[in-house]
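*Asks:*
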RNA sequence: GGCCCCGUGGUGUAGCCUGGUUAACACACAACACUGUCAAUGUUGAGAUCGCCGGUUCAAAUCCGGUCGGGGUCGCCA
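In my numbering, the protein residues as written are -4 to 592.
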């Protein structure tokens, strides 16, 4: 028999006898009448206990407290005139209770479960199951399920095969730090957990599956962030006989249909904005721009060359640049406000931020010195300031912020400022979803510290046909066939067309500093298979946690992960990682350098 | 590895800068009252020595140092 959920009860069930199970959400005791809000995974329904209907039930109801697990029997009735609750889907009905069974009493919970109040995150993890009991969390996981289900159905419709790949695999020198798993039968040897199924899916293309996908768990032993956990879930996709445009189209189709499915009322979008890496860096200072608001970066190096402001002159003379953004309506920022921005900018290695605020009441074309608030107004002079104002289209109440230095630092700092003002000024709405496809990444970038070339994406990424030849002469100018999908400033997916010949793969690995022998040892399993007829192929991967986080309107990935880990990678609920029994270590031939229990 | 923020009854906060009362408020909790509430209401009550260790001081929640835990972020994350 199908069990009815609390929120399934509607007007149509009026006068029918029902049995419900759930948690007491709230109790309102009027001495005579007692109201219980009964909650289960479907939602809430009101139960009325009238001492005249059943004295036993009433005595039970007096004892019951929030979070007690109970079962009730009763008759569904329409609520009396004027007592309906529009807030609840079940607000027009109530259960007139004839019997209450206490299935399990509950201690007063460590934090409120029946409301969406702030709780210290430590407690949300220490008492995780109770936190998950909150309606908002249940909704997050309902959404997550819908997203994953949609993805599976989508790829199934398109004749993709979902194929599982190993969790115990081989360590790779490239990329993130691996999590290692010791082998008992091969003393001294270790498996690694996959950072992603990258090589495996390429091998599935060699195998001829042609269209593969997987909802895969990935592991990276790196420091955590709001949108990073040591283990996370990725949608992994790979296709054969495709080029960049095929995959970009597939990504657009997938995410556009997903959004249309989840938000049927939103304006449908078929194509996403596209921009090159270069464009993203120059106008937003980042390769994952948040396009929900319009604050572009402008290069003002030329306008500032030759002013009396020595700091800028020196930086420009040394090959640096100056870029600016306009913070609308912030012309009146005081010393303290500016100090905060300075601190922010210093995080990115910039010397500081140079503010030029305008504080005029009325409209004007040229600002007089009195209307300018800037520590450098004298150095720059009214002419330069007005010229800046003109170029940046700043209004008479805006604040211009300039940062000077190397291109990398200036971009990073201003991108940080841009984000800060987006947040401060509340420049976006919660419902907004701004996708952008970023393309034409460089294939390689020079790593100063290690004095060698590094893959921008990963070493299996192919180069565009037009720039491939530059590999020998100017590796930094080679453009990759890689792409990222950015949503609201978060990189949610990325991929590329892959290299599918041994010759090119060897060449790239060599450029990346792998000796031929070493490359064979580490990537030979892949390249060896390229020798047997590998199809051209490519694909992408999408961070499911991040995607759901944004769709759920959450600020951290932890709110869409059932059992997340802390910033130090600890699981507070289970107490992992933990010291293990010496016998377990001995069996694995492992000696530790920290004292054992 | 660096920088920043937080830690006060069960929960969320105030107090801390400018040391000195009975450590305040809201919610939750308990008891009693109450037959139409839905954040029920009213009355009464219990509950924290201020994360931990040390220092300064006549006196420390408050100042200083360290440490632990949580969070944000830079580096890192192909």
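No residue lacks a Cβ here, since even glycine has one placed at the ideal position from N, Cα and C.
Could you please give the first and the last residue of the uninterrupted alpha helix (DSSP H) stretch that includes residue 99?
*Replies:* Working through the first chain from its first residue, we reach residue 99 at position 104. Unbroken run through residue 99 is the beta strand (DSSP E), 88 to 99; no alpha helix (DSSP H).
*Asks:* Per the DSSP calculation, residue 33 is bridged to which residue(s)?
*Replies:* Along the first chain, one-based indexing puts residue 33 at 38. According to DSSP, residue 33 bridges with 19 and 40.
*Asks:* Can you grab the Cα-Cα spacing for the pair residue 29 / residue 59, in whole Å?
*Replies:* Counting from 1 along the first chain, the entry for residue 29 is found at position 34. Counting from 1 along the first chain, the entry for residue 59 is found at position 64. Going by the C-alpha atoms only, they are around 10 Å apart.
*Asks:* DSSP state of residue 539, grouped into three classes?
*Replies:* Taking the first chain and counting its residues from 1, the one referred to as residue 539 is at position 544. Reduced to three states, the DSSP call for residue 539 is helix.
*Asks:* What are the residues that DSSP puts in a beta bridge with residue 441?
*Replies:* For the purposes of this step, residue 441 is identified with residue 446 of the first chain, where counting begins at 1. DSSP lists 448 as partners of residue 441.
*Asks:* For residue 520, count neighbouring Cβ atoms within 10 angstroms of its own Cβ and tell me buried if that reaches 16, exposed if not.
*Replies:* Numbered from its first residue, the first chain carries residue 520 at position 525. Result: exposed.
*Asks:* Evaluate residue -4 with the Cβ neighbour count: other Cβ atoms within 10 Å of its Cβ, from every protein chain shown; 16 or more gives buried, anything less gives exposed.
*Replies:* Residue -4 sits at position 1 when you count from the first residue of the first chain. Unreliable placement is indicated for residue -4, whose pLDDT of 43 sits below 50; the coordinate value is still reported in the next sentence. So residue -4 ends up on the exposed side.
*Asks:* Could you say which of 486, 85, 19 and 477 lies nearest to residue 99 if we only look at CA atoms?
*Replies:* Residue 99 sits at position 104 when you count from the first residue of the first chain. It is 19 whose Cα lies nearest to the Cα of residue 99.
*Asks:* Cα-Cα, which of 247, 275 and 171 is closest to residue 264?
*Replies:* Locating residue 264 in the first chain gives position 269, where the first residue counts as 1. Considering only alpha carbons, the answer is 247.
*Asks:* In three-state terms, what does DSSP make of residue 372?
*Replies:* Start at 1 with the first residue of the first chain, and residue 372 comes out as number 377. Residue 372: helix per DSSP, three-state reduction.
*Asks:* Please name the residue, chosen from 69, 70 and 86, that lies closest to residue 77 on a Cα-to-Cα basis.
*Replies:* Counting from one through the first chain, the residue named residue 77 turns up at place 82. Among 69, 70 and 86, the Cα nearest to that of residue 77 is on 86.
*Asks:* At 4 residues or longer, what runs of the alpha helix (DSSP H) sit wholly inside the segment 319 to 350?
*Replies:* Listed in chain order, the complete alpha helix (DSSP H) runs (minimum 4 residues) inside the segment 319 to 350 are 330 to 341.
*Asks:* Between residue 190 and residue 173, which are expected to be in contact by the criterion C-beta below 8 Å, what is the C-beta distance as a whole number of angstroms?
*Replies:* Here residue 190 corresponds to residue number 195 of the first chain, with the count starting at 1. Here residue 173 corresponds to residue number 178 of the first chain, with the count starting at 1. With 8 Å as the limit, residue 190 and residue 173 qualify as a contact, their Cβ atoms being about 7 Å apart.
*Asks:* Which partner residues of residue 157 appear in the DSSP bridge assignment?
*Replies:* By 1-based counting over the first chain, the position of residue 157 is 162. 208.
*Asks:* Do you know whose CA, among 89, 74 and 80, lies nearest residue 67's CA?
*Replies:* Counted from its first residue, the first chain places residue 67 at position 72. That would be 89, whose Cα lies nearest to the Cα of residue 67.
*Asks:* Count the other C-beta atoms from every protein chain shown that fall within 10 angstroms of the C-beta of residue 592, then say buried if there are 16 or more, exposed otherwise.
*Replies:* Position 597 of the first chain, counting from 1, holds the residue named residue 592. The predicted model places residue 592 with a pLDDT of 38, which falls under 50 and marks its position as unreliable; any figure quoted below should be read in that light. Exposed.
*Asks:* Rounded to a whole number of angstroms, what is the C-alpha to C-alpha distance between residue 123 and residue 557?
*Replies:* Here residue 123 refers to the residue found at position 128 of the first chain. Here residue 557 refers to the residue found at position 562 of the first chain. So the two alpha carbons sit approximately 8 Å from each other.
*Asks:* Please confirm whether residue 443 and residue 449 have their CB atoms less than 8 Å apart.
*Replies:* Taking the first residue of the first chain as position 1, residue 443 is located at position 448. Taking the first residue of the first chain as position 1, residue 449 is located at position 454. No, they are not a contact pair.
*Asks:* Which residues does DSSP pair with residue 229 in a beta bridge?
*Replies:* As a first step, residue 229 is located in the first chain; it is residue number 234 there, counting from the start. Looking at the DSSP assignment, residue 229 forms a beta bridge with 211 and 538.
*Asks:* Determine the direct distance from the alpha carbon of residue 585 to that of residue 565, and round the result to whole angstroms.
*Replies:* Here residue 565 refers to the residue found at position 570 when the first chain is read from its first residue. Here residue 585 refers to the residue found at position 590 when the first chain is read from its first residue. So the alpha carbons of these two residues sit roughly 22 Å apart.
*Asks:* Closest by CA to residue 279, which one among 21, 326, 412 and 329?
*Replies:* Residue numbering aside, residue 279 sits at position 284 when the first chain is read from its first letter. That would be 412, whose Cα lies nearest to the Cα of residue 279.
*Asks:* Can you pull the DSSP bridge partners for residue 3?
*Replies:* On the first chain, position 8 is the one that residue 3 refers to. Looking at the DSSP assignment, residue 3 forms no beta bridge with any residue, so it has no partner.
*Asks:* Among all the DSSP beta bridges, which residues are the ones paired with residue 234?
*Replies:* As a first step, residue 234 must be located in the first chain, where it is residue number 239. DSSP lists 206 and 533 as partners of residue 234.
*Asks:* Enumerate in chain order the residues of its own chain whose CB-to-CB distance from residue 25 is below 6 Å, with the five nearest sequence positions on each side excluded.
*Replies:* Taking the first residue of the first chain as position 1, residue 25 is located at position 30. Nothing meets the Cβ criterion.
*Asks:* Report the rounded CA-to-CA distance for residue 96 versus residue 65, giving the unit in angstroms.
*Replies:* Reading the first chain from its first residue, position 101 is the one you call residue 96. Reading the first chain from its first residue, position 70 is the one you call residue 65. Straight-line Cα distance between these residues: approximately 6 Å.
*Asks:* Secondary structure at residue 69, three-state DSSP: helix, strand or coil?
*Replies:* To locate residue 69, count along the first chain from 1; it is residue 74. Residue 69 falls in the strand class under three-state DSSP.
*Asks:* Taking the alpha-carbon positions, what's the residue 192 to residue 242 distance?
*Replies:* On the first chain, residue 192 is found 197 positions in, with the first residue counted as 1. On the first chain, residue 242 is found 247 positions in, with the first residue counted as 1. Distance between the alpha carbons of residue 192 and residue 242 is about 18 Å.
*Asks:* Using the three-state DSSP reduction, which class does residue 316 fall into: helix, strand or coil?
*Replies:* Looking up residue 316 in the first chain gives position 321. Residue 316 falls in the strand class under three-state DSSP.
*Asks:* Between the segment 45 to 54 and the segment 7 to 22, are three or more C-beta pairs nearer than 8 Å?
*Replies:* The segment 45 to 54, when compared against the segment 7 to 22, does not touch it at the 8 Å Cβ threshold.
*Asks:* Please state whether the Cβ-Cβ distance between residue 535 and residue 471 is less than 8 Å.
*Replies:* Numbered from its first residue, the first chain carries residue 535 at position 540. Numbered from its first residue, the first chain carries residue 471 at position 476. It is not a contact, given that the beta carbons lie outside the stated cut-off.
*Asks:* At the level of alpha carbons, what is the spacing between residue 354 and residue 381?
*Replies:* Looking up residue 354 in the first chain gives position 359. Looking up residue 381 in the first chain gives position 386. One C-alpha to the other measures close to 13 Å.
*Asks:* With the cut-off set at 8 Å, would you say residue 166 and residue 216 are in Cβ contact?
*Replies:* Taking the first chain and counting its residues from 1, the one referred to as residue 166 is at position 171. Taking the first chain and counting its residues from 1, the one referred to as residue 216 is at position 221. Not a contact, by the Cβ cut-off of 8 Å.
*Asks:* Candidates 366, 362 and 387: which alpha carbon is nearest residue 291's?
*Replies:* Working through the first chain from its first residue, we reach residue 291 at position 296. Nearest C-alpha to residue 291: 387.
*Asks:* Mapping DSSP to helix, strand and coil, what is residue 622?
*Replies:* With the chain represented from -4 up to 592, any question about residue 622 goes unanswered, as that position is not in the structure.
*Asks:* Span of the alpha helix (DSSP H) holding residue 146?
*Replies:* Counting from 1 along the first chain, the entry for residue 146 is found at position 151. Taken as a continuous stretch (DSSP letters only), the alpha helix (DSSP H) holding residue 146 covers 130 to 152.
*Asks:* Quick check: the Cα distance between residue 476 and residue 235, rounded to an integer number of angstroms?
*Replies:* Translated into positions along the first chain, residue 476 becomes position 481. Translated into positions along the first chain, residue 235 becomes position 240. If you take the alpha carbons of residue 476 and residue 235, they lie about 15 Å apart.
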